[in-house]
Every structure is written in C-alpha cells, then in structure tokens.
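Chemist: Attaching a single structure in structure tokens format; questions to follow.
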Amino acid sequence: MSLLESPTAEPSVAAPSSGHSHNTALNDWVQNIAELTRPDRIYWVDGSVGEWDRLTKEMVAQGTLIRLNPEWRPNSFLARSDPDDVARVEDRTFICSTDPDDAGPTNNWRDPSIMRLELSELFAASMRGRTMYVIPFSMGPLGGDISQLGVQITDSAYVATSMALMTRTGDAALELIGPHTPWVPALHSVGAPLVDEDGTRRDDVAWPHSETKYICHFPETREIWSFGSGYGGNALLGKKCFALRIASVMARDEGWLAEHMLIIKVTSPENRVFHLAAAFPSACGKTNLAMLAPSIPGWKVETIGDDIAWMRPGTDGRLRAINPERGFFGVAPGTGESTNPTATETIWGNTIFTNVALRDDGDVWWEGLTSTPPAHATDWRGNDWTPASGTVAAHPNSRFTVAAEQCPSIASEWDDPEGVVIDAILFGGRRPSTVPLVSEARSWPHGVFMGATMASETTAAATGQVGQLRHDPFAMLPFAGYNMADYFAHWIKMGERLGENAPAVFSVNWFRKDADGGFVWPGFSENARVIEWIVRRLEGAVTARRTPIGGLPLAHELNTEGLDIDPQALAGIIDVEPDAWRRECASVADYFGTFDPRRFPVALTRELERLTRDLG
Ligand code: OXD
Ligand code: MN
Numbered sequence: 213m214s215l216l217e218s219p220t221a222e223p224s225v226a227a228p229s230s231g232h233s234h235n236t237a238l239n240d241w242v243q244n245i246a247e248l249t250r251p252d253r254i255y256w257v258d259g260s261v262g263e264w265d266r267l268t269k270e271m272v273a274q275g276t277l278i279r280l281n282p283e284w285r286p287n288s289f290l291a292r293s294d295p296d297d298v299a300r301v302e303d304r305t306f307i308c309s310t311d312p313d314d315a316g317p318t319n320n321w322r323d324p325s326i327m328r329l330e331l332s333e334l335f336a337a338s339m340r341g342r343t344m345y346v347i348p349f350s351m352g353p354l355g356g357d358i359s360q361l362g363v364q365i366t367d368s369a370y371v372a373t374s375m376a377l378m379t380r381t382g383d384a385a386l387e388l389i390g391p392h393t394p395w396v397p398a399l400h401s402v403g404a405p406l407v408d409e410d411g412t413r414r415d416d417v418a419w420p421h422s423e424t425k426y427i428c429h430f431p432e433t434r435e436i437w438s439f440g441s442g443y444g445g446n447a448l449l450g451k452k453c454f455a456l457r458i459a460s461v462m463a464r465d466e467g468w469l470a471e472h473m474l475i476i477k478v479t480s481p482e483n484r485v486f487h488l489a490a491a492f493p494s495a496c497g498k499t500n501l502a503m504l505a506p507s508i509p510g511w512k513v514e515t516i517g518d519d520i521a522w523m524r525p526g527t528d529g530r531l532r533a534i535n536p537e538r539g540f541f542g543v544a545p546g547t548g549e550s551t552n553p554t555a556t557e558t559i560w561g562n563t564i565f566t567n568v569a570l571r572d573d574g575d576v577w578w579e580g581l582t583s584t585p586p587a588h589a590t591d592w593r594g595n596d597w598t599p600a601s602g603t604v605a606a607h608p609n610s611r612f613t614v615a616a617e618q619c620p621s622i623a624s625e626w627d628d629p630e631g632v633v634i635d636a637i638l639f640g641g642r643r644p645s646t647v648p649l650v651s652e653a654r655s656w657p658h659g660v661f662m663g664a665t666m667a668s669e670t671t672a673a674a675t676g677q678v679g680q681l682r683h684d685p686f687a688m689l690p691f692a693g694y695n696m697a698d699y700f701a702h703w704i705k706m707g708e709r710l711g712e713n714a715p716a717v718f719s720v721n722w723f724r725k726d727a728d729g730g731f732v733w734p735g736f737s738e739n740a741r742v743i744e745w746i747v748r749r750l751e752g753a754v755t756a757r758r759t760p761i762g763g764l765p766l767a768h769e770l771n772t773e774g775l776d777i778d779p780q781a782l783a784g785i786i787d788v789e790p791d792a793w794r795r796e797c798a799s800v801a802d803y804f805g806t807f808d809p810r811r812f813p814v815a816l817t818r819e820l821e822r823l824t825r826d827l828g
C-alpha cells in the first residue's frame, strides 16, 4: 500500500494521499486525535477504486474478509463479526447534552464534560499498531443544499470500505470542506490496540472490538464518539449517529426534518408521479417497501432511499426530501427471490456481506434467500451447518452493504441535490392487532399523533428481547438526538410552517394476525394495493370513511382483485375495534405521561382527548 506511510513510533499527518484539508480545524482535529490514539499510520481515504481493491485485499490477507467466488458474486466479501458484536447497542448509546432534559426520557444521558474525560481515557492509545483512516464524506449529493459534510476517523478498514459504499467518501467530499465549511467530526475506534503500553505487539483478530462500548453524541457541538464496536450503526457513523441523531438536532435548530424514513417514487397507470416517505421501526420490511415490485398492473415503484430521509421546505413551500445515504445496509434474512427480487438483483456483486452463511461453492446464503436451503454451508460463526443443525445459518441481523446505484429500481432523481417533493408520509409498525391496514390522518396534528403513538414488536436489529411491543414514535426511539417531547413539538411546528403544502399522512400496518397467528394481509408486492389506495386518496378518487381513528378505506375501493383474502378477515383489518382502541388510548395516555408536560405539545394531548371522546 504505497499511499500508507511506513509505521513510525510517532504518528504523522504528513503527506495524506489527497493533501491536507483547507480546513484548519479539520487538520488540527486529525492531529489531536492521532496524538490521543497513537496509530502507527494515518491514511486519508480518497474514495478511489484502487483504494477499495487495496483495502479489501489487505482484509482478505488478514482474515477479516473472505472473498466470495467471483463467478457467483464478483468483487464481494463476507465478514464474520465477533458473536458479541452483532447489532446496535442502544443501552450503550448516549446523548451528551449539557442539560439532561435536552436528551429527554427516551435517551440515555451523560454529562458531556464527564463523558469527554471518560472517552479520552478510553481512546488514549486505542489505535496503537493500527492504521488510522480519515474519511471525508458527504451525507447527500455532493454540494447539495440539503446535504451535510462529515469526517470519520476510524481504525477499521472494514468500516472504511463500508463507509465507501454507504456514503460519498474521499477527495470529492474533502474538496467541499473549505476553510469555513461546517463539518461533523465522527470519531470511531474498535478499541483493540495491537500494541500494549509496555510495547508488546499482539496479532490482530478477524473482528477486533472491545467489551466496553460507547456510542456518544454531543448535540451542542455536533460531535460523535464511538468506541468498542465495529458493527453497523455503531460504527458506520454517517448513518444513525450523524444522519439521524446529530442531524435531528440540526433539523430542529434550522427548521427541517431528519427522519428514519424510506423514500419511494410511485407512478400510476395514468403516468402521474408521487413521492412517499415512510417511517417503520428497524427490520419491518423497509427495504422491501423501498424496492416494491407492485403486484398490480400499471403501477411502478422506484427507489430513492431505504432508511433515512432529510426533508426541507423548498422555495415553493413544499416539502422536499433527499436520501442522505449512498448505499443500503439491508437486513439479509427474509430478503429473497419471492420477497424482494430487486434486492437480490442489487447485490449481484460489489457487496460486503456480514454474518450470513457461506455456501460450499463460495457464494452466500441466508434464511429466506431461497426456499430450499443448501445441503451444507458454513454458518455465520464459521461452523459447519446443515438444515438439520437446528440453528440458523445466518444471524437474524446479518446484513448486505451495497451501493444504491446498483439497485435496478433506483429512481433517476435519487441523487438530485434538490430532492423530491413529498406528497404523503406513512407511519407503520409491526402490530398484530388494533391498528388497521391503512388509515388517513384528518389533519397534520392528527398525523403527528399517528407518528407519536407508533408502537412495534421489537426485532433483531437491536440487542434485547425480540417480539415485545414497544412504543417507537416516528420509528425514532433509538435515533432522536434530543428530547422526544421537543421532537413532537418540532413536527407540530413544521406543519404550521408548511400550512396547506403539508403532505398528507397515513398509518399503515402489514402485520395484522388472525386468531391462528397467521398474517391476514399478504404483504410484500401486494402492499402496492395499499399504495394505490393512498395515491387515489391524494387524487381525491376514493373515499375515506370517517372514523374516530382516521379515514378508512371502503372495502370495495381497496383493490383486492386476484387476491385470495377472506372478505371478513379483510373487513376486520380496515375497521375500528372500539375496545382495542380504548385500551390503546389508555396505553397512549400512560406513554404521553412519561414526558415533561412543559415540553409536550398540547396539540397531541388534544388529539388523544378527541380520540378518547369519539370512541365513546
Ligand atoms: C437499521 C436499523 O440498521 O434501523 O437501519 O437498525
Ligand atoms: Mn433503520
């Protein structure tokens, strides 16, 4: 690796591949972090293909990556994480605002000065023996008005290459950081130095990490410090840490929205185009909806983003959205030929897989990729596996990391710096009962109420118990960088600002179960029927039946042609169950009671009162 400096006792920032930044604060930060963490070398990531080749080759030699059989999966790799580092660590995620009330009751809080000291101790010498990668990156199209710049420092080549897929990294981003350009510093270390204090060197392991983990955000200074994990949102700091937690604070201060939402472009059979943004908690099929292949003739869905939306009122007063990311970090299990053929095409090559199974022919496999499992494979832990093993071959939170431009359904405007006009916002969760298939909010505050009262069964994307119902307002519970009550108030305010240009809001739920525990709605490509109803509502072509919980479809106006669904079961999922909703109101009242009433918007209290009253 000619661009790397040879190991030296003292780190040096001389001769980065792409020259020093024009931003003194950036150069000073790199220097200071190098002095603190004491890496063997510093490398400024340039974002080139040659760099990707060198880094992946090094990781293959070192055992961090396995090169997949290029006949099946060209330029693609498998990483196996340490079994103790497989998901986001919400209990180790902290918002370090000066006032604990600014973090609010849904976040873990630490005093910023105490946290800074603690982190400085942890980071001290944490990169000894390793390379420190400096990764300039842009969240959003380069130079776009809605986009933001950041620089991640990491001692993980896996993170550096994953960032290259997930964001716009390297020289192009660095050039945009002028002497006075704001940028977000994002510091990351796996916390596993290769040289001890006494100078003893140890061999590296395939997936270095530390038992001690901290994912810290300093909203006032807009900084990220992440220690001890190499996995996903803990380590690819552009994603959850920047694009959601820090950006949500920027958005509050500057009058925009940073949201855990996919964005799709929908074209009707009449060739009319609509853009929808949709919030779902982790692993609720967001990537599937983002890549929906409609089952109904004449409809087309194209992908703009699968996880995050940044939305700002444009000069015309309408809400415009960009996908700040450049790639997908999708959950592998359940992604297959029948559920999401577009995703399986997207990952044809140039993909990093993490914690999936390795087939004997050098390709990958996971539960749900194909209906017939391979007769033999190596599981995510590196052990022999057969369908009779009684264990899963792929970890439930195993992932693929791939550039968005490989997606066959990517919309032509997906990287338009101006973004797309959002016509409707959808809120959904995994709700086996109560919440109907689709309902329309009667007003913006009612829509905010729908977002604020979202709840969902937990999944494997975060550590903890799977299958518990938890409140997950706006699917932002683990991602809001400030007090959730203030966040609700910000949404109410945005509606006042948007006025009649505010998008329509809908609640959706694909996950209703019948008495036998089976899903009532077929989901996946059939969700296009719900999208059709939503679009027809935007056009005013169908009626929404007024009910206390919002506008519900008339059964005959929901397109179920060719669908094998029991009419009674369908009627049940587009109706209001007053008893269930009364229980829901009681649970929502308890939930709202957990917020400071001085911060909690009265508009939401009124919505709850109205719902309770209307249910009788
Ligand atoms: C994700 C998540 O990885 O939400 O997108 O956990
Ligand atoms: Mn997500």
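Taking my numbering, the leading residue of the sequence shown gets 213, the next gets one more, and so forth. Every residue, glycine too, gets a C-beta built ideally from N, C-alpha and C.
If I measure Cβ to Cβ from Met-327 and keep anything under 7 Å in the same chain, skipping five residues before and after, which residues do I get?
Modeler: Against the sequence shown, residue 327 aligns to sequence position 115. These residues qualify, in order along the chain: Phe-306, Cys-308 and Cys-428.
Chemist: Taking the alpha-carbon positions, what's the Gly-828 to Glu-744 distance?
Modeler: Your numbering for residue 828 matches position 616 in the sequence shown. Your numbering for residue 744 matches position 532 in the sequence shown. Computed Cα separation, rounded: 32 Å.
Chemist: For Met-666 and Ala-687, which I take to be in contact (beta-carbon distance under 8 Å), what is that distance rounded to the nearest angstrom?
Modeler: Indexing the sequence shown from 1 puts residue 666 at position 454. Indexing the sequence shown from 1 puts residue 687 at position 475. Their Cβ separation, rounded to whole angstroms, is 7 Å, which keeps Met-666 and Ala-687 in contact under 8 Å.
Chemist: List in chain order: all unbroken beta strand (DSSP E) runs of 3+ residues lying wholly within the region 506-561.
Modeler: 512-517, 521-525, 531-534 and 539-543
Chemist: Can you tell me the Cα-Cα spacing of Asp-802 and Ala-315, whole angstroms?
Modeler: Against the sequence shown, residue 802 aligns to sequence position 590. Against the sequence shown, residue 315 aligns to sequence position 103. Their backbone Cα atoms lie some 20 Å apart in a straight line.
Chemist: Apart from the five residues on each side of it in sequence, which residues of its chain come closer than 7 Å, Cβ to Cβ, to Pro-545?
Modeler: If you number the sequence shown from 1, residue 545 lands on position 333. Here the set comprises Trp-578, Glu-579, Gly-580, Ala-606, Pro-608 and Ser-610.
Chemist: Less than 7 Å between the C-beta atoms of Ala-490 and Leu-280, yes or no?
Modeler: Taking the sequence shown and counting its residues from 1, one reaches residue 490 at position 278. Taking the sequence shown and counting its residues from 1, one reaches residue 280 at position 68. It is not a contact, given that the beta carbons lie outside the stated cut-off.
Chemist: Between the Cα of Ala-273 and the Cα atoms of Ile-245, Tyr-255 and Tyr-370, which residue gives the shortest distance?
Modeler: What you label residue 273 is simply residue 61 of the sequence shown in a count that begins at 1. When only C-alpha atoms are compared, the closest one is Tyr-370.
Chemist: Could you tell me which residues DSSP puts in a beta bridge with Lys-477?
Modeler: Residue mapping note: residue 477 aligns to position 265 of the sequence shown, counting from 1. Note: Lys-477 sits in a beta bridge opposite His-487 and Glu-514.
Chemist: Whole angstroms are fine: how far does the CA of Arg-571 sit from the CA of Thr-598?
Modeler: Along the sequence shown, read from residue 1 onward, the residue named residue 598 stands at position 386. Along the sequence shown, read from residue 1 onward, the residue named residue 571 stands at position 359. Cα to Cα, Thr-598 sits roughly 11 Å from Arg-571.
Chemist: Does the beta-carbon of Glu-482 have 16 or more other beta-carbons within 10 angstroms, so that it is buried, or is it exposed?
Modeler: On the sequence shown, residue 482 is found 270 positions in, with the first residue counted as 1. Answer is exposed; the Cβ neighbour count stays below 16.
Chemist: Please identify the residue among Asn-320, Thr-759 and Gly-594 whose C-alpha is closest to the C-alpha of Glu-789.
Modeler: Taking the sequence shown and counting its residues from 1, the one referred to as residue 789 is at position 577. Here the closest residue by C-alpha is Thr-759.
Chemist: Using the three-state DSSP reduction, which class does His-392 fall into: helix, strand or coil?
Modeler: Sequence index remark: in the sequence shown, residue 392 carries index 180 (1-based). Looking at His-392 - three-state DSSP - the assignment turns out to be coil, as it is neither helix nor strand.
Chemist: Since I believe Val-717 is in contact with Ser-480 (beta carbons under 8 Å), could you give me their beta-carbon distance rounded to a whole number of angstroms?
Modeler: For the purposes of this step, residue 480 is taken as residue 268 along the sequence shown, with counting starting at 1. For the purposes of this step, residue 717 is taken as residue 505 along the sequence shown, with counting starting at 1. A Cβ-Cβ distance of about 20 Å is found for the pair Ser-480 and Val-717, leaving them out of contact under the 8 Å criterion.
Chemist: Going by DSSP in three states, Gln-360 sits in which element: helix, strand or coil?
Modeler: By 1-based counting over the sequence shown, the position of residue 360 is 148. Residue state, collapsed to three classes: strand.
Chemist: Give every residue of the same chain whose Cβ lies closer than 8 Å to the Cβ of Arg-825, excluding the five residues on either side of it in the sequence, and list them in chain order.
Modeler: For the purposes of this step, residue 825 is taken as the residue at position 613 of the sequence shown. Excluding its 5 nearest sequence neighbours in each direction, Arg-825 has no C-beta neighbour in its own chain below 8 Å.
Chemist: Compare the C-alpha of Thr-558 against each of Ala-615, Ile-634 and Val-632 and name the closest.
Modeler: Translated into the one-based positions of the sequence shown, residue 558 becomes position 346. With distances taken between Cα atoms, Thr-558 lies closest to Ala-615.
Chemist: Just mark Pro-715 as buried or exposed, buried being the case when its beta carbon has 16 or more other beta carbons within 10 Å.
Modeler: As a working mapping, residue 715 is identified with position 503 in the sequence shown. Burial call: buried.
Chemist: Can you give me the C-alpha to C-alpha distance between Asn-239 and Ser-494, rounded to a whole angstrom?
Modeler: Taking the first residue of the sequence shown as position 1, residue 239 is located at position 27. Taking the first residue of the sequence shown as position 1, residue 494 is located at position 282. Approximately 36 Å, taken between the alpha carbons.
Chemist: Indicate whether Ala-291 and Thr-566 have their beta-carbon atoms separated by less than 7 Å.
Modeler: In the sequence shown, residue 291 corresponds to position 79, counting from 1. In the sequence shown, residue 566 corresponds to position 354, counting from 1. In this structure, Thr-566 lies closer than 7 Å to Ala-291 by Cβ.
Chemist: Output the boundary residues of the alpha helix (DSSP H) element that contains Glu-744.
Modeler: Against the sequence shown, residue 744 aligns to sequence position 532. Here the alpha helix (DSSP H) through Glu-744 covers 740-751.
Chemist: Hey, would you say Gly-517 sits closer than 7 Å to Ile-475, going by beta carbons?
Modeler: To locate residue 517, count along the sequence shown from 1; it is residue 305. To locate residue 475, count along the sequence shown from 1; it is residue 263. Taking 7 Å as the Cβ cut-off, Gly-517 and Ile-475 qualify as a contacting pair.
Chemist: Of the residues Glu-625, Pro-734, Glu-819 and Met-662, which one's Cα is nearest the Cα of Pro-353?
Modeler: For the purposes of this step, residue 353 is identified with residue 141 of the sequence shown, where counting begins at 1. Comparing Cα-Cα distances from Pro-353 to each of Glu-625, Pro-734, Glu-819 and Met-662, the minimum goes to Glu-625.
Chemist: How should Gly-663 be labelled, buried or exposed, when 16 other C-beta atoms within 10 angstroms of its C-beta is the threshold for buried?
Modeler: Residue 663 sits at position 451 when you count from the first residue of the sequence shown. With 16 or more other Cβ atoms within 10 Å, it is buried.
Chemist: Report yes if the CB atom of Met-351 is closer than 7 Å to the CB atom of Ala-455, and no otherwise.
Modeler: The sequence position of residue 351 within the sequence shown is 139, counting from 1. The sequence position of residue 455 within the sequence shown is 243, counting from 1. Against a cut-off of 7 Å, the Cβ pair of Ala-455 and Met-351 comes out as a contact.
Chemist: For Lys-452, is the classification buried or exposed, using 16 other Cβ atoms within 10 angstroms of its Cβ as the cut-off for buried?
Modeler: Numbered from 1 along the sequence shown, position 240 holds the residue referred to as residue 452. Result: buried.
Chemist: In three-state DSSP terms, what is Ser-214?
Modeler: Position 2 of the sequence shown, counted from the first residue, corresponds to residue 214. Because the pLDDT of Ser-214 is 34, which lies under 50, any placement of that residue in the model is unreliable, and the question is left without a value.
Chemist: Give every residue of the same chain whose Cβ lies closer than 6 Å to the Cβ of Pro-317, excluding the five residues on either side of it in the sequence, and list them in chain order.
Modeler: To locate residue 317, count along the sequence shown from 1; it is residue 105. Within its own chain, the residues whose Cβ lies closer than 6 Å to the Cβ of Pro-317, once the five positions on either side in sequence are excluded, are Thr-806, listed in chain order.
Chemist: Could you round the C-beta distance between Trp-419 and Thr-276 to whole angstroms and report it? I think they count as a contact, below 8 Å.
Modeler: Indexing the sequence shown from 1 puts residue 419 at position 207. Indexing the sequence shown from 1 puts residue 276 at position 64. Yes, they are in contact, since the Cβ atoms of Trp-419 and Thr-276 sit about 7 Å apart, within 8 Å.
Chemist: Would you mind listing the beta strand (DSSP E) stretches within the region 591-641 that are 3+ residues and don't spill past its ends, in chain order?
Modeler: 611-615 and 636-640
Chemist: Mind the definition here: the region 386-400 touches the region 412-426 only if three or more C-beta pairs lie below 8 Å; say whether that holds.
Modeler: no
Chemist: Report the CB separation of Phe-335 from Leu-248 in whole angstroms; it is logged as a contact under 8 Å.
Modeler: Stepping through the sequence shown from its first residue, residue 335 is reached at position 123. Stepping through the sequence shown from its first residue, residue 248 is reached at position 36. The pair is a contact, with the Cβ atoms about 5 Å apart (cut-off 8 Å).
Chemist: Buried or exposed for Pro-431, going by 16 or more other Cβ atoms inside 10 Å?
Modeler: For the purposes of this step, residue 431 is taken as the residue at position 219 of the sequence shown. Buried is the call here.
Chemist: For a minimum of 4 consecutive residues, which ranges assigned as the alpha helix (DSSP H) are wholly contained in the region 367-391?
Modeler: 369-378 and 383-388
Chemist: Residues with a Cβ closer than 6 Å to any heavy atom of the ligand MN, in chain order?
Modeler: One residue after another in chain order, those with a Cβ under 6 Å from a heavy atom of the ligand MN are His-472, Ser-494 and Asp-519.
Chemist: Identify, in the order they occur along the chain, each residue of the same chain with its Cβ nearer than 6 Å to the Cβ of Glu-435, setting aside the five sequence neighbours on each side.
Modeler: Here residue 435 is taken as the residue at index 223 of the sequence shown, counted from 1. Result list for Glu-435: Pro-397, in chain order.
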